[in-house]
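A quick write-up on the structure given underneath.
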Amino acid sequence: MADGAALLHMTKVAYGAQSLDEVRGWFAARGETVQLTTRYLPKRHAEMIGGSLYWIFKHQLVARSEILGFEDAPDGRVHIVIAGTLIEVEPRPRRAHQGWRYLAAEDAPADLGAGMSGEALPGHIAGELARLGLV
Numbered sequence: 424m425a426d427g428a429a430l431l432h433m434t435k436v437a438y439g440a441q442s443l444d445e446v447r448g449w450f451a452a453r454g455e456t457v458q459l460t461t462r463y464l465p466k467r468h469a470e471m472i473g474g475s476l477y478w479i480f481k482h483q484l485v486a487r488s489e490i491l492g493f494e495d496a497p498d499g500r501v502h503i504v505i506a507g508t509l510i511e512v513e514p515r516p517r518r519a520h521q522g523w524r525y526l527a528a529e530d531a532p533a534d535l536g537a538g539m540s541g542e543a544l545p546g547h548i549a550g551e552l553a554r555l556g557l558v
């Protein structure tokens, strides 16, 4: 960003996914960009362009996609335009939520390096830790 401010990210649940491989498949079947529809334009949308949308699967941040921009959708909603590339990150516990939420740059997990595999907590353990407010 021109003023040197840190990028802002967002999180979203990979709703309906039965496995991380299924999430990977969603992106493999898409083009260079993907449009996700949301009801309202985020108030801080300008801070998120160039940031990432982090995907939550089984109560953990597991991957991200770069946020390219926001566009008006024909039905009065808004498209979040993201890169069609899924970048896996170090798994980090995160409670599930509806819609999307902001994520500060300092709270974002690091990308996994080439050939690395993230060993995530089993979903039931991550879910129980989240329920107890420990993650």
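Going by my numbering, the letters in the sequence shown line up with residues 424 to 558, in that order.
Quick reminder that beta carbons are idealized off the backbone N, C-alpha and C, glycines included.
It should be emphasised that the depicted structure is a prediction, and the values quoted were computed from it without experimental measurement.
query                                                                                     : result
Same chain, Cβ closer than 7 Å to ALA425, five either side skipped, listed in chain order : Unreliable positioning characterises ALA425 in this predicted model, as indicated by a pLDDT of 44, which lies under 50. The coordinate reading is nonetheless provided below. Around ALA425: no qualifying Cβ.
Sub-8 Å separation of ALA531 and TYR477 beta-carbons                                      : yes
Through-space distance from LEU431 to LEU535, alpha-carbon basis                          : 20 Å
Pair within 8 Å by beta-carbon distance, LEU433 and LEU491                                : Looking at the sequence shown, residue 433 is not Leu but Met. Contact flag unset, no.
Reference ASP498, options ALA429, ARG462, TRP449, SER475, closest by Cα                   : ARG462
Residues that PHE480 bridges to, as DSSP identifies them                                  : GLN483
Rounded distance between the beta-carbons of ILE505 and ARG486, thought under 8 Å         : It is worth fixing the name first, because residue 486 is Ala in this sequence and not Arg. Contact doesn't hold; Cβ gap of about 11 Å is too wide.
Bridge partner(s) assigned by DSSP for SER475                                             : GLU489
Candidates LYS466, ARG500, THR508: closest to ALA452 by CA position                       : THR508
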